[in-house]
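Structure first, then comments.
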Amino acid sequence: MNFIKTVSAAVLLLSAFTASAKTEKKIEIIPYPTSVEYIKGGDFKVPGSQLYIDPALDSVSRLAVYRLSDRLSCSTGKISPVVVGLSSASAAPKKDFVFLLDKPIAPESYTLTVNGKSAVVRASDSHGFLYSVQTILQLLPAEVYGKTPVKGLKWSIPSIVIKDTPRFGYRGMHLDCSRHFWTVEETKKYLDIMAVYKLNTFHWHLTDDQGWRVEIKKYPRLTEVGALRAGTCIKRNFSSHDGILYGGYYTQEQMKEVVAYAKGLGITVIPEIDLPGHMLGVLAAYPELGCTGGPYEVWTRWGVSKDVLCPGKGQMFTFLEDVFDELCEIFPSEYIHIGGDECPKDRWEKCPDCQALIKSLGIVADSTHTAEQYLQNYVTKRVQDYLAGKGRKIIGWDEILEGKLGEGATVMAWRYGDACVKSTGMGFPTILTPTTYCYFDFYQSDKEGRVQEPYAIGGELPIEKVYGFEPNELITDEASRKNILGVQANLWTEYILTPEHLEYMLLPRLAALSEIQWCPEGSKDFERLKASLDKHFKIYDILGFTANHRIQGNPGLPGAKYLGE
Ligand code: ACM
Ligand code: ZN
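Residues in the sequence shown are numbered consecutively from 198, following our numbering.
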């Protein structure tokens, strides 16, 4: 290599380095887009720009643009009106946003081309437009999320081309509203921050031993009795409780409201009725549905109850069918989650009705499974068939794999990595939510750090560890990988007492999760995420979210009632 070549190579290298340093500084989008390219042209100045909508856009896409208009007008102090009626970018006046329907673009994807004169979005569905709006917002100062105009900020976007498409079609976040109850407004706020990170599925864990939270008109005692518990245990002192009556439930109208709100954010709500275990809420209200007939109480403690539904009594199936009839009227989702986890078989082993059913079905134990495990398969299959008749598919926790699971079921694999490997290997569509990386009820720091954290269930899941999850490292077999539908994190709320605490467990780990769900394999970069989080902490502040600031050297949740071990 001669000297000139060496020097020019060094200059090239240096400029590449400066360009990338510039990129790091400018783009603080989470999840980071699939492709980002800076192009020639000046900055696109946002204040007072108009937002042109292709008339072919559907109502959810239009709503997304109207919301962007609202954000821009509020924060810059200059009105950015929406104009409907533009079918081609070339007709766009200068200095404006344009949103165009472009059918060949893949589902949930978009392109954003910004130059000094315009910012043009192309997408083929409402998800693409919604995500483009989130990206545009994150290209601007965090104050764009605020309620008042802020002068003196750089309200402009550099010339850039972003092409963006998600890695996984299922990008979920779960919320347990049984152990602690979250109001409709709190739930909507949870959905708001999921939307910022381009998640598309909200798994709503609506029922459990500690409270039934769904209004079912045919069974009023579910909410009159099953939604209330006599108290709540303190930390792990399961033999007593605080004596404070605790409860709550959602009316059907409220749940419909949450479904509609989520739809406007591009989020599908999947309801979970956890069966046949985790059912003390039901048994307290209708003891005839249990093996022993009770009496039962809505649980005041945490754990796994031995009292479960009794399939031997035929009315259990009638009850479940009635519940799903009403539930399907509220939730239009393709999938209904039927739980299936942690169902001890102690009662079934002793129950004459369950044993008679086992006999009449010709179920026999073998070297791999007990007759009672096969009985759970029978329950799962009957519910699956009933829901199939209503055009719905089931999702169940990975315990539904024990014995034989019917084709067409989707598995939510949660037990460490093993269940993820087993489920995808058996050919079932699988949502990966392994405890090791995806249980957001775990502590966010090590044993020393957690003395400043609020008391939690246990575990150790700092954001760095969440970010380290790579589905293809867990699922190494190529054929099995094809069965991964996506990734979800779960937020169980036994030890989560307030909305602030809930948000503290969610943020910023949700940001890390979103990059696992969205970014192409091999493109994650923890330093980039960390650098972007400075801005995202500001966004949380502006939107009124509480977050865990450990990564900024400031752990803890002020006002936490109980501290960690
Ligand atoms: C679970 O964590 N029991 C699904
Ligand atoms: Zn029974």
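For glycine and all other residues, C-beta sits at the position ideal for the given N, C-alpha and C.
Leaving aside the five residues before and after residue i along the sequence, list all residues of the same chain whose C-beta is less than 8 Å from its C-beta, in chain order.
i, result
"residue 218", "For residue 218, the pLDDT reaches just 40, beneath the cut-off of 50, and the residue's location in the model is therefore unreliable, although a value from the coordinates is still provided. Closer than 8 Å at the Cβ level, and outside the excluded window around residue 218, lies no residue."
"residue 437", "430, 431"
"residue 221", "Confidence at residue 221 is low in this model, with a pLDDT of 40, below 50, so its placement is unreliable and the value that follows should be read with caution. Here the set comprises 725, 728."
"residue 669", "678, 718"
"residue 701", "651, 743, 744, 745, 754"
"residue 684", "365, 367, 368, 369, 628, 629, 630, 635, 666, 668, 710, 713, 714"
"residue 697", "743, 754, 756"
"residue 268", "334, 341, 342"
"residue 656", "632, 636, 638, 639, 640"
Buried or exposed: residue i, going by 16 or more other Cβ atoms within 10 Å of its Cβ?
i, result
"residue 596", "buried"
"residue 405", "buried"
"residue 452", "buried"
"residue 300", "exposed"
"residue 592", "buried"
"residue 772", "Nothing can be reported for residue 772, as the shown portion of the chain is limited to 198 through 762."
"residue 408", "buried"
"residue 605", "exposed"
"residue 441", "exposed"
"residue 255", "exposed"
"residue 661", "exposed"
"residue 477", "buried"
"residue 585", "exposed"
"residue 751", "exposed"
"residue 375", "buried"
"residue 643", "exposed"
"residue 216", "Residue confidence for residue 216 is low, a pLDDT of 42 falling below 50, so the modelled location carries little weight; the figure read from the coordinates is stated next. Label assigned to residue 216: exposed."
"residue 390", "buried"
"residue 225", "buried"
"residue 311", "buried"
Are the Cβ atoms of residue i and residue j separated by less than 8 Å?
i, j, result
"residue 246", "residue 292", "yes"
"residue 446", "residue 429", "no"
"residue 320", "residue 302", "yes"
"residue 690", "residue 373", "yes"
"residue 359", "residue 232", "yes"
"residue 603", "residue 578", "yes"
"residue 633", "residue 680", "no"
"residue 343", "residue 241", "no"
"residue 607", "residue 590", "yes"
"residue 575", "residue 761", "no"
"residue 480", "residue 504", "yes"
"residue 330", "residue 433", "no"
"residue 581", "residue 527", "no"
"residue 551", "residue 572", "yes"
"residue 243", "residue 354", "yes"
Who are the near neighbours of residue i in its chain, counting only those whose CB is closer than 7 Å to its CB and skipping five residues on each side?
i, result
"residue 753", "649, 650"
"residue 513", "486, 506, 507"
"residue 758", "694"
"residue 203", "Caution is warranted here: a pLDDT of 40 is assigned to residue 203, below 50, making its placement in the model unreliable, and the coordinate value is therefore given only provisionally. No residues qualify anywhere along the chain."
Spatial neighbours of residue i within its chain, please: CB distance less than 6 Å, with the 5 preceding and 5 following residues excluded, ordered by chain position.
i, result
"residue 749", "none"
"residue 338", "350"
"residue 322", "304"
"residue 542", "569"
"residue 443", "426, 429"
"residue 658", "639"
"residue 270", "276, 277"
"residue 336", "354"
"residue 765", "Any property of residue 765 remains undetermined from this structure, which presents the chain solely from 198 to 762."
"residue 498", "430, 435"
Round the Cβ separation of residue i and residue j to the nearest angstrom and send it over; I've been treating them as touching at under 8 Å.
i, j, result
"residue 523", "residue 413", "5 Å"
"residue 704", "residue 737", "6 Å"
"residue 175", "residue 613", "Only positions 198 to 762 of the chain appear in this structure, which leaves residue 175 out of reach."
"residue 182", "residue 228", "No statement about residue 182 is possible, as the shown extent of the chain runs from 198 to 762 and does not include it."
"residue 379", "residue 699", "7 Å"
"residue 400", "residue 467", "5 Å"
"residue 388", "residue 459", "5 Å"
"residue 327", "residue 463", "4 Å"
Report the partner residues of residue i according to the DSSP bridge assignment.
i, result
"residue 573", "For residue 573, which the question treats as bridged, DSSP gives no partner whatsoever."
"residue 408", "405"
"residue 439", "Note: residue 439 sits in no beta bridge, so no partner."
"residue 368", "684"
"residue 477", "Paired residue(s): none; residue 477 is not in a bridge."
"residue 319", "297, 308"
"residue 353", "242"
"residue 247", "293"
"residue 232", "360"
"residue 466", "399"
Measuring only from the beta carbon, is residue i closer than 7 Å to any heavy atom that is part of the ligand ADP?
i, result
"residue 538", "Annotation note on the ligand ADP: not contained in the displayed structure, which lists the ligand ACM and the ligand ZN as its ligands."
Does the beta carbon of residue i come closer than 8 Å to any beta carbon on chain B?
i, result
"residue 597", "You won't find chain B in this structure, because it holds only one protein chain."
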